[in-house]
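Asker:
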Amino acid sequence: MENTVTNSASGDGAQRVLLIGGCGYIGSYMYAQLRDAGFSMTVVDHLTRGNPANVPDVLVADYDSLSAEFLQPFDAVVWFGGHSSVGQSVQDPKGALANNCLNLFNFAKKLRPETKLIYASSGSLYSTKAANTAPSSEASLAAIPSQNPYDISKFAFDYIAQNFLQNFYALRMGTLSGYSPNVREELVFNSMNLAAVRSGQVRLMNSESNRTILFLSDLAVLVKKLLQTRQQPGIYNAGSYSFKMGELAHAVAMSWNAQVLYQGDSETYSFLLDTTKMKAICGAELPSMTLQERCQQFINDYRAGKGAV
Numbered sequence: 053m054e055n056t057v058t059n060s061a062s063g064d065g066a067q068r069v070l071l072i073g074g075c076g077y078i079g080s081y082m083y084a085q086l087r088d089a090g091f092s093m094t095v096v097d098h099l100t101r102g103n104p105a106n107v108p109d110v111l112v113a114d115y116d117s118l119s120a121e122f123l124q125p126f127d128a129v130v131w132f133g134g135h136s137s138v139g140q141s142v143q144d145p146k147g148a149l150a151n152n153c154l155n156l157f158n159f160a161k162k163l164r165p166e167t168k169l170i171y172a173s174s175g176s177l178y179s180t181k182a183a184n185t186a187p188s189s190e191a192s193l194a195a196i197p198s199q200n201p202y203d204i205s206k207f208a209f210d211y212i213a214q215n216f217l218q219n220f221y222a223l224r225m226g227t228l229s230g231y232s233p234n235v236r237e238e239l240v241f242n243s244m245n246l247a248a249v250r251s252g253q254v255r256l257m258n259s260e261s262n263r264t265i266l267f268l269s270d271l272a273v274l275v276k277k278l279l280q281t282r283q284q285p286g287i288y289n290a291g292s293y294s295f296k297m298g299e300l301a302h303a304v305a306m307s308w309n310a311q312v313l314y315q316g317d318s319e320t321y322s323f324l325l326d327t328t329k330m331k332a333i334c335g336a337e338l339p340s341m342t343l344q345e346r347c348q349q350f351i352n353d354y355r356a357g358k359g360a361v
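Every number in this note's numbering is 52 more than the matching position in the sequence shown, counting from 1.
(1) Could you tell me whether the region 150-169 touches the region 214-230, using the rule of 3 or more Cβ pairs below 8 angstroms?
(2) To which residues of the same chain is residue 364 closer than 8 angstroms at the C-beta, ignoring the five residues directly before and after it?
(3) If distances are taken between C-alpha atoms only, which option among 69, 125 and 78 comes closest to residue 90?
(4) Roughly how many angstroms lie between the CA atoms of residue 353 and residue 231, to the nearest whole one?
(5) Quick one: what does DSSP say residue 251 is sitting in, helix, strand or coil?
(6) Check whether the Cβ atoms of residue 316 and residue 265 sit closer than 8 angstroms, and answer yes or no.
(7) Measure the beta-carbon distance from residue 329 to residue 190 and round it to whole angstroms, keeping in mind my assumption that it falls under 8 angstroms.
(8) Helix, strand or coil: which one does DSSP assign to residue 61?
(9) Helix, strand or coil: how does DSSP classify residue 39 here?
(10) Evaluate residue 335 with the Cβ neighbour count: other Cβ atoms within 10 Å of its Cβ, from every protein chain shown; 16 or more gives buried, anything less gives exposed.
(11) Which one or two residues does DSSP pair with residue 311 in a beta bridge?
(12) Taking just the CA atoms, how far does residue 297 sit from residue 312?
(13) Straight-line CA distance for residue 174 to residue 205?
(14) In or out: residue 117 buried (at least 16 other Cβ within 10 Å) or exposed?
(15) Let me confirm a value: residue 58 is counted as buried when at least 16 other C-beta atoms fall within 10 Å, else exposed. Which label applies?
(16) Rounded to the nearest angstrom, what separates residue 103 and residue 92 at their Cα positions?
(17) Suppose you measure from the CA of residue 114 to the CA of residue 147; what does that come to, to the nearest Å?
(18) DSSP three-state label for residue 72, please.
(19) Using a Cβ-based criterion (distance less than 7 angstroms to any ligand heavy atom), does residue 291 qualify as near the ligand MN?
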């Protein structure tokens, strides 16, 4: 395959960033944030979820097919192009392993040593069945997962990166939350708010499970900081709020004067992230908002983007 850079060459000194998965849930939000911050952007995407944000000049390609020559001009690669959910990975386990690990490693080896690789890992690697647990730091041991192909593929690439790559930044993210042009309504914060507004009810399962959630706006601050400053390569926990699922459900319900419907327990993740490292890097640039303000912002952004809830 012959690859050409359509919009990354920068004559004004702006950093050249290759955003892989730039039309998806995270990517469509991140593209606008990085573009507006002055980065020179090139987007590669399969368009599996379409391109509702109308990101321009998208190169529709398999990221692992990109040549070393194509990749040479970029100062950084931001990778949000993986199998991004447990369900998707269970339906396509071999594809998840290839996309989230094997192909990503082969791709990373094509990059110049100076090119930063910032990629999506997962805070779910810290998941535990213990009811009371301290937040996991980057130094905490992630248990070798066996429950699903998603966690296995994420764990495997993190392990490979720590032993065979140098200029990498692994984002062990909490459950993503917030509006983007390619919104995922099934994510827990998003779904609770939409249900509360649509039906006046918040459905709750696993009330005692722990969870850290991460808002897209906070993730964007971290990614920009990693691009703009010199930070030690390695693992970075990324999260905004931590609580039990029951606490989250009642906070959302209170925001919309809704009722909480408890629907029992099921197999699910339970993890808390220590985000001291993220906060030290991002400082005052992280938005200072209450959870209720986040709820209101999500619904306002949803209405602005979709026209109605």
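All residues carry an ideal CB built from backbone N, CA and C; glycine is no exception.
Since the model is a prediction, treat every value here as computed from it, not as a measurement.
Answerer: Looking at the coordinates:
(1) Because the criterion of three Cβ pairs below 8 angstroms is met, the region 150-169 and the region 214-230 touch.
(2) Residue 364 lies beyond the stretch modelled for the chain, which goes from 53 to 361, so this question has no answer here.
(3) Counting from one through the sequence shown, the residue named residue 90 turns up at place 38. Cα-wise, what sits closest to residue 90 is 69.
(4) Within the sequence shown, numbered from 1, the residue matching residue 353 stands at position 301. Within the sequence shown, numbered from 1, the residue matching residue 231 stands at position 179. Cα to Cα, residue 353 sits roughly 6 angstroms from residue 231.
(5) Along the sequence shown, read from residue 1 onward, the residue named residue 251 stands at position 199. In this structure, residue 251 counts as helix in the three-state DSSP scheme.
(6) Here the question's residue 316 lines up with position 264 in the sequence shown. Here the question's residue 265 lines up with position 213 in the sequence shown. Their beta carbons are not under 8 angstroms apart, which means residue 316 does not touch residue 265 by this criterion.
(7) Counting from 1 along the sequence shown, the entry for residue 329 is found at position 277. Counting from 1 along the sequence shown, the entry for residue 190 is found at position 138. 6 angstroms between Cβ atoms; contact.
(8) On the sequence shown, residue 61 is found 9 positions in, with the first residue counted as 1. With a pLDDT of only 41 at residue 61, under 50, the local geometry of the prediction cannot be trusted, and the value read off the model is given with reservation. DSSP places residue 61 in coil when its eight states are reduced to three.
(9) The question about residue 39 has no answer here: the residues shown for the chain are numbered 53 through 361.
(10) Position 283 of the sequence shown holds residue 335. Under this definition residue 335 is an exposed residue.
(11) The residue given as residue 311 occupies position 259 in the sequence shown. The partner list for residue 311 (beta bridge, DSSP) reads 253.
(12) For the purposes of this step, residue 312 is taken as the residue at position 260 of the sequence shown. For the purposes of this step, residue 297 is taken as the residue at position 245 of the sequence shown. When rounded, the distance between both Cα atoms is 12 angstroms.
(13) Locating residue 174 in the sequence shown gives position 122, where the first residue counts as 1. Locating residue 205 in the sequence shown gives position 153, where the first residue counts as 1. Going from the Cα of residue 174 to the Cα of residue 205 covers about 10 angstroms.
(14) Position 65 of the sequence shown, counted from the first residue, corresponds to residue 117. Under this definition residue 117 is an exposed residue.
(15) Within the sequence shown, the letter at position 6 stands for residue 58. Since pLDDT at residue 58 reaches only 39, below the 50 mark, its modelled position is unreliable, and the value read off the structure follows with that caveat. Counting every other CB atom within 10 Å of its CB across the protein chains shown gives residue 58 a total below 16, marking it as exposed.
(16) Counted from its first residue, the sequence shown places residue 103 at position 51. Counted from its first residue, the sequence shown places residue 92 at position 40. Answer to the nearest angstrom: the Cα atoms are 19 angstroms apart.
(17) Working through the sequence shown from its first residue, we reach residue 114 at position 62. Working through the sequence shown from its first residue, we reach residue 147 at position 95. C-alpha separation (whole angstroms): 13 angstroms.
(18) Looking up residue 72 in the sequence shown gives position 20. If DSSP states are grouped into helix, strand and coil, residue 72 belongs with the strands.
(19) This structure does not include the ligand MN; it has no bound ligands of any sort.
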